[in-house]
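The structure appears below as structure tokens.
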Amino acid sequence: MEKTPQTLLKDVFGYDEFRPLQQEIIDRTLAGKDSFVLMPTGGGKSMCFQIPALCFNGITIVVSPLISLMKDQVQALQANGIQADFFNSSISPQAENDVITRAKNGQIKLLYLSPEKLISVSNTWLRDLNIKLVAIDEAHCVSMWGHDFRPEYTQLKAFRNSLPEVPFMALTATADKSARADIEMQLGLKDSKLFISSFDRKNLSIEVRGQVPKNKKLQEIAQFVKRKKNESGIIYCLSRKNTEEVADYLKADGHSVAFYHAGMNPEERERVQTAFIHDDTKIIVATIAFGMGIDKSNVRWVIHYNLPKNLEGYYQEIGRAGRDGLPSETRLYYNMSDFVLYSQFADDGANSAMQKDKLSRMLQFAEAKSCRRKILLSYFGEHLTKDCGNCDVCANPPKDFDGTLLAQKALSGIARMKEKEGITMLINVLRGSNNAEVHAGGYSQLKTYGVGKDVSFIDWRDYIIQLANQGLIEIMYSEGSALKISPIGWKVLKGEQRIKLTLPVVPEEKNKMRP
Ligand code: ADP
Ligand code: ZN
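Counting along the sequence shown from 1, when you hit position 354 you're at 354 in full-length UniProt numbering, and nothing is skipped either side.
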């Protein structure tokens, strides 16, 4: 007798119930229709094609960009007694022949391929297989609007067109609205149904720490790690050099730590990764090259040492913590310098405007004064009705006050400097600094010179970003980050409109949210 999805779930995988949406997706696939599956990392996407693959009398093709991920998934399936295999550049010619023979003989239920391999064999032996389903994992790689575009993926449409009757399933943990539309088009999905499961990972606490100088940052991280007592965690850094520095720092402090980046050779990377998965190394300090496809459920914390380039990447990276559902902590550090550095990177290359836009949203999130989870989820199209209670802003709601006068001081400074200067110069002028550049610009003669002496540099920065977030000021990245006054800004400056600001949260208060 044919097994039902429900019995397969129990008998093969040992689970009692489907997670939300899994059953619907499986049913739709068994009915031969296309689906678009958007679920967070760890949400259980694989089951959505693995079970149909076992139901179908034929082979399921799974396209996956990462060789290490393929191997892990295939091994896990084989351990459950499923005929699964993979075909990519890492296997020998004999192994290739072996896979081809078994695939032709109907001895493989799930065949994982890299997109390059798929393209190269799609017109040879692959064409002769009895393909019943095609799953495109990490489907965001097909879109330029995603954040991890891979040109090989764009050739998948021809493959789709060669199999018009076969259901296709696109799966990803990260795609906003425009990326989704693009992915559907690029993959030639037909009348596909979108399945989005909640992206809310309630067990992850969210914390952001801004403008912490490097030495202090290292000290704070060392304290954090000590408090975590031997629990697994990941620290993401922007540069390879940083990963090594931070790892050295923690090692000197007696922690079990290793670094990981794309500059290391593959064997070394594999070794570091395996040690982490097996809990032999507790802490990995890595560039974002680390983590895709790692299925480790007990990562208890994730720290970002620098500002991520976009919210998609950030959410994916913090999502590597707490996959077992237990409380886990995430902390993001950012400095204005990260932002300026990226803005320069983004200047060249295709779709730089989009990259900048995404980066600005990332920064707005970091500087936000309202529930962070709300902001994050609304970015992915999900709207929370209540504040989350598990982020630093919820733990210390900012107090607001009438900020009109402060805003007028800043705006008037910008106007008097003819909208040509950036944040630092503005603050120096407001604070009446003796800085040589202030004098060189002739700014010590301005009426606004020194009018903001009573506010600290850091607080001024905070207020000015709030003014930008409220749309009073624009930061012109294309003009050396010069500040400009928007139409609303002019209204406030002329006293036609009042605004509210919130008090900067002091780091000590932020500390209170920790256990
Ligand atoms: P994703 O691909 O979305 O990141 P996975 O498919 O790797 O997530 O699933 C994450 C974990 O959840 C895996 O360990 C998987 O076995 C488990 N899982 C999937 N579906 C169920 C279910 N219905 N019940 C319990 N565990 C499940
Ligand atoms: Zn919150």
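Here a beta-carbon is modelled for each residue, glycine too, at the ideal position from N, C-alpha and C.
Quick caveat, the model's predicted, so the values are computed rather than measured.
Check whether residue i and residue j have beta carbons under 9 Å apart
i	j	result
P167	S35	yes
V37	L21	yes
F259	A275	no
L238	I283	no
I475	I427	no
Y305	V285	yes
V429	L411	no
Y379	V302	no
A158	S114	no
K374	D387	yes
G403	K500	yes
E329	R372	no
A179	Q316	no
L156	L126	no
S205	P327	yes
Among the options, nearest to residue i - alpha-carbon criterion
i	options	result
L311	Q223, Y112, A175, P397	A175
G413	P398, C391, G450	G450
L110	N97, R361, D98, D85	D85
T287	N242, I294, Y342	N242
I183	A170, D191, F195	A170
N57	E96, D27, K132, I26	K132
L359	C371, F339, R373	F339
K484	F199, Y112, K420, F401	K420
P145	G319, M354, Q223, P308	The question names Pro, yet the displayed sequence has Trp at residue 145. Out of G319, M354, Q223, P308, M354 has the C-alpha closest to the C-alpha of W145.
S197	Q23, W460, L363	Q23
Q78	T101, I108, P65, A139	I108
K309	R361, R201, P504	R361
I277	A289, F290, K296	K296
Q470	I458, I488, E220	I488
Three-state secondary structure (DSSP) of residue i
i	result
C237	coil
D324	coil
K512	Below a pLDDT of 50, predicted positions are generally treated as unreliable, and K512, at 43, falls in that range; the measurement from the model is reported next regardless. Reduced to three states, the DSSP call for K512 is coil.
Y260	strand
E207	strand
M1	Note on M1: pLDDT 47, under 50, position unreliable in the model; the coordinate value appears next. It is coil, neither helix nor strand.
L430	helix
C55	helix
D248	helix
P504	coil
C394	helix
F290	coil
F18	coil
E285	In the sequence on display, residue 285 carries Val and not Glu. Here V285 sits in strand by DSSP.
K202	coil
K216	helix
K177	helix
T484	First, the residue type needs correcting, since residue 484 is Lys and not Thr in the sequence shown. It is a strand residue.
M425	helix
M47	helix
Q6	helix
T124	coil
A275	helix
Residues that DSSP places opposite residue i in a beta bridge
i	result
H304	Y236, L332
M144	DSSP, once it has assigned bridges, lists no residue as partnering M144.
L194	F36
V63	L113, I136
F13	According to DSSP, F13 bridges with nothing at all.
D400	T502
I131	I59
Q: Quick one: which unbroken alpha helix (DSSP H) runs of 4-plus residues sit fully inside the stretch 338-386? Chain order, please.
A: Correct list: 352-366, 372-379.
**Q.** Minimum length 3: unbroken beta strand (DSSP E) runs contained in the stretch 70-119
**A.** As far as the stretch 70-119 is concerned, its whole beta strand (DSSP E) runs of at least 3 residues are 84-87, 110-113.
Q) Where are the alpha helix (DSSP H) runs, 4 residues long or more, that stay fully inside the stretch 448-482, in chain order? A) Taking only runs of at least 4 residues, the alpha helix (DSSP H) segments lying wholly in the stretch 448-482 are 457-469.
Q: Jot down the residue ranges of each uninterrupted alpha helix (DSSP H) in the stretch 145-174, minimum 4 residues, whole runs only, in chain order.
A: Listed in chain order, the complete alpha helix (DSSP H) runs (minimum 4 residues) inside the stretch 145-174 are 156-162.
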